[in-house]
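Worksheet for the structure shown next.
Residue numbers (UniProt numbering): 1 to 579.
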């Protein structure tokens with residue numbers, strides 16, 4: 001009898017094992033089919049776009065599409081308005097170039113073939129500030145009929161039912177959104193790679209990352225496949241790709257531009273704030289985009305956005321500025337090229353008659369760990385992990401996912417053990433434990449408000465107009481961003497403070513910069529400091545930017561400093577070339 005029961009038990013165990021295996025196999029097959037469908041859909045759209053371009057070229061043999069994509073935005077807009085260029089030629093020119101760039105860099109998630117239909121009605125938007133201008137948008141901005149995937153399988157096969165507010169406003173202003181661009185898996189990473197669409201690479205060096213999370217935008221614009229784009233920024237997500245790829249970008253104050261219709265893997269955070277912002281090849285293009293978006297249409301479509309139109313007078317002013325600056329935030333040692341870029345820019349601004357005043361960021365260690373890290377994973381990473389349960393995890397994210405998925409008790413124990421030998425890493429692991437409850441969350445929100453007003457008080461005491469600070473760079477080697485969250489202190493601080501911040505490329509990494517990496521030690525001598533050198537090694541010739549910051553709702557002042565930096569660097573480059 002015992003033998004019979006044992007036989008039954010063994011049989012049941014075998015059936016259970018086979019059932020589990022079949023269930024896992026089915027899940028794997030479902031994921032595989034889902035990924036395949038998404039990739040086939042993108043390939044179909046790319047094919048349709050290629051056919052459309054080919055058809056247009058056949059019908060318009062005399063039109064030189066290649067020369068169109070070389071024009072600056074202001075000149076392109078002027079020619080469309082005076083009739084010397086037609087919107088259909090401009091759209092097909094950028095579609096052709098975007099397809100070429102995508103083949104090399106893999107920067108698109110969808111080609112918006114509806115843009116071709118938009119041409120039929122384009123004349124009714126002739127008064128729009130962006131009339132006839134093709135524009136690219138980050139994957140997570142809703143466009144009717146298309147997924148906003150955020151790079152995760154859970155958001156596939158869920159097309160937007162209507163356009164996001166910014167897409168609606170762009171269309172009303174005569175712009176033609178024509179392509180969606182690639183992002184990291186789950187968005188909370190600054191390397192642009194996901195299991196659905198793969199990795200986007202840097203146009204300056206395909207062996208480097210283009211940055212993230214608006215990485216597809218940065219790569220496409222820098223590669224020449226778009227003249228103007230929109231991204232979103234929670235910790236540097238428009239600024240880092242812009243800096244890594246050598247273009248300009250602006251992170252506005254939260255909700256200066258509508259967030260309605262912006263998809264995310266983790267919604268509800270109130271400590272570090274998201275903003276939608278423009279990316280382009282020059283500062284004037286950013287200003288034009290802001291002028292176009294900050295219009296009655298936006299304020300009507302989204303009444304939660306303050307009705308503050310763009311202040312052209314502030315942007316164009318030539319009065320000397322009082323500019324605060326810092327060479328380091330005291331938390332993460334800048335790379336040699338970051339330091340040089342900041343000091344050279346400071347010198348150019350002083351020579352131009354501006355006053356530069358030293359400024360020390362307040363309590364960076366606390367702000368980064370308690371507000372940036374703990375603020376973004378207040379739930380211990382649970383919401384983000386929900387999107388990773390089914391399907392593969394991208395290699396660039398494995399460290400982050402591992403830390404978040406580690407049991408709470410284990411994280412606290414590791415943090416405690418690390419505290420004497422690596423205080424920064426200990427504090428970071430403690431931060432990703434999240435907050436303990438509502439009382440602690442409210443306390444955190446209050447501390448953030450105190451921190452903001454302390455910083456503003458220091459700013460006022462020094463009578464600053466704007467702030468100049470280092471910008472992360474150069475572009476990393478692959479698969480290092482997940483191991484380098486601490487480097488975000490230069491960008492994420494301004495999402496907590498909710499100050500507008502923009503980046504402008506000012507120089508390139510030199511052989512001397514590269515050589516000085518041998519002496520880089522960092523401020524803590526921990527794993528992050530050592531890994532940073534590996535991440536940025538081999539960067540000679542890559543672009544380096546500086547960051548410009550203003551007080552909340554003063555995007556025009558921020559852009560004004562950016563324009564001044566851009567102008568002075570261009571003049572300095574010309575002067576050096578002539579000599």
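Every residue gets a Cβ at the ideal spot worked out from N, C-alpha and C, and that includes glycine.
In the DSSP assignment, find the unbroken alpha helix (DSSP H) run with residue 409 in it and report its ends.
For the purposes of this step, residue 409 is identified with residue 409 of the chain shown, where counting begins at 1. That run of the alpha helix (DSSP H) goes 408 to 418.
Quick one, which of 547, 206, 531, 383 has its alpha-carbon nearest residue 401's?
Position 401 of the chain shown, counted from the first residue, corresponds to residue 401. It is 383 whose Cα lies nearest to the Cα of residue 401.
Pair every Cβ in the region 287 to 298 with every Cβ in the region 119 to 130, then say whether three or more of these pairs are closer than 8 Å.
Flag = yes, the region 287 to 298 and the region 119 to 130 touch.
Would you tell me roughly how many angstroms separate the C-alpha atoms of residue 357 and residue 323, rounded to the nearest one?
Here residue 357 is taken as the residue at index 357 of the chain shown, counted from 1. Here residue 323 is taken as the residue at index 323 of the chain shown, counted from 1. Rounded to whole angstroms, residue 357 to residue 323 spans 6 Å at the Cα level.
State yes or no: is the C-beta of residue 204 within less than 8 Å of the C-beta of residue 475?
Within the chain shown, the letter at position 204 stands for residue 204. Within the chain shown, the letter at position 475 stands for residue 475. Yes, Cβ-Cβ distance for residue 204 and residue 475 is below 8 Å.
On the three-state DSSP scale, how would you describe residue 149?
Reading the chain shown from its first residue, position 149 is the one you call residue 149. Here residue 149 sits in coil by DSSP.
Considering only C-alpha positions, which residue in the set 546, 244, 276 is nearest to residue 563?
Within the chain shown, the letter at position 563 stands for residue 563. Here the closest residue by C-alpha is 546.
Measuring only the C-alpha atoms, how far is residue 405 from residue 449?
As a first step, residue 405 is located in the chain shown; it is residue number 405 there, counting from the start. As a first step, residue 449 is located in the chain shown; it is residue number 449 there, counting from the start. Spanning the two alpha carbons is a distance of roughly 30 Å.
Between the region 348 to 355 and the region 135 to 151, are three or more C-beta pairs nearer than 8 Å?
Too few Cβ pairs lie closer than 8 Å, so no.
Could you check whether the region 237 to 251 touches the region 32 to 42, counting it as contact only if at least three pairs of C-beta atoms, one from each stretch, sit closer than 8 Å?
Judged by Cβ distances under 8 Å, the region 237 to 251 makes no contact with the region 32 to 42, as fewer than three pairs qualify.
Quick one: what does DSSP say residue 232 is sitting in, helix, strand or coil?
Counting from 1 along the chain shown, the entry for residue 232 is found at position 232. In this structure, residue 232 counts as strand in the three-state DSSP scheme.
Between residue 520 and residue 472, what straight-line distance do the alpha-carbon atoms span, to the nearest angstrom?
Position 520 of the chain shown, counting from 1, holds the residue named residue 520. Position 472 of the chain shown, counting from 1, holds the residue named residue 472. Approximately 15 Å, taken between the alpha carbons.
Taking contact to mean 3 or more Cβ pairs, one atom from each stretch, closer than 8 Å, check whether the region 103 to 123 and the region 70 to 79 are in contact.
No contact exists between the region 103 to 123 and the region 70 to 79.
Within the region 198 to 232, note down every full alpha helix (DSSP H) run reaching 4 residues or more, in order along the chain.
You should have 215 to 222.
Who are the Cβ neighbours of residue 176 in its own chain at under 6 Å, not counting the five residues just before and after it?
By 1-based counting over the chain shown, the position of residue 176 is 176. Cβ neighbours of residue 176 beyond the five flanking positions: 91, 115, 118, 134.
How many angstroms separate the CA atom of residue 85 from the CA atom of residue 67?
In the chain shown, the residue the question calls residue 85 occupies position 85. In the chain shown, the residue the question calls residue 67 occupies position 67. Their backbone Cα atoms lie some 11 Å apart in a straight line.
Which residues in the same chain as residue 215 place their Cβ atom closer than 6 Å to its Cβ, once the five residues preceding and following it in sequence are excluded?
Walking along the chain shown from the start, residue 215 turns up at place 215. 192, 200, 241, listed in sequence order.
For residue 123, which option in 502, 451, 83 has the closest C-alpha, if you only look at C-alpha atoms?
If you number the chain shown from 1, residue 123 lands on position 123. Here the closest residue by C-alpha is 83.
My guess is that residue 559 and residue 283 are in contact by the Cβ rule of under 8 Å, so how many angstroms apart are they, rounded?
If you number the chain shown from 1, residue 559 lands on position 559. If you number the chain shown from 1, residue 283 lands on position 283. Their Cβ separation, rounded to whole angstroms, is 6 Å, which keeps residue 559 and residue 283 in contact under 8 Å.
Could you round the C-beta distance between residue 60 and residue 233 to whole angstroms and report it? I think they count as a contact, below 8 Å.
Residue mapping note: residue 60 aligns to position 60 of the chain shown, counting from 1. Residue mapping note: residue 233 aligns to position 233 of the chain shown, counting from 1. The pair is not a contact, with the Cβ atoms about 39 Å apart (cut-off 8 Å).
Output needed for residue 252: all residues of its chain with C-beta closer than 7 Å, excluding positions within five of it in sequence on either side, in chain order.
If you number the chain shown from 1, residue 252 lands on position 252. 275, 277, 500, 555, listed in sequence order.
Please classify residue 508: does DSSP put it in a helix, a strand, or coil?
Position 508 of the chain shown, counting from 1, holds the residue named residue 508. In this structure, residue 508 counts as strand in the three-state DSSP scheme.
Would residue 569 and residue 502 qualify as a contact pair, given that the criterion is a beta-carbon distance under 8 Å?
Here residue 569 corresponds to residue number 569 of the chain shown, with the count starting at 1. Here residue 502 corresponds to residue number 502 of the chain shown, with the count starting at 1. No, Cβ-Cβ distance for residue 569 and residue 502 is not below 8 Å.
Where residue 397 and residue 139 are concerned, what is the direct C-alpha to C-alpha distance, given to the nearest angstrom?
Walking along the chain shown from the start, residue 397 turns up at place 397. Walking along the chain shown from the start, residue 139 turns up at place 139. Each residue's alpha carbon lies about 19 Å from the other.
Where does residue 547 fall in DSSP's three states?
As a working note, residue 547 is residue 547 in the chain shown. DSSP places residue 547 in strand when its eight states are reduced to three.
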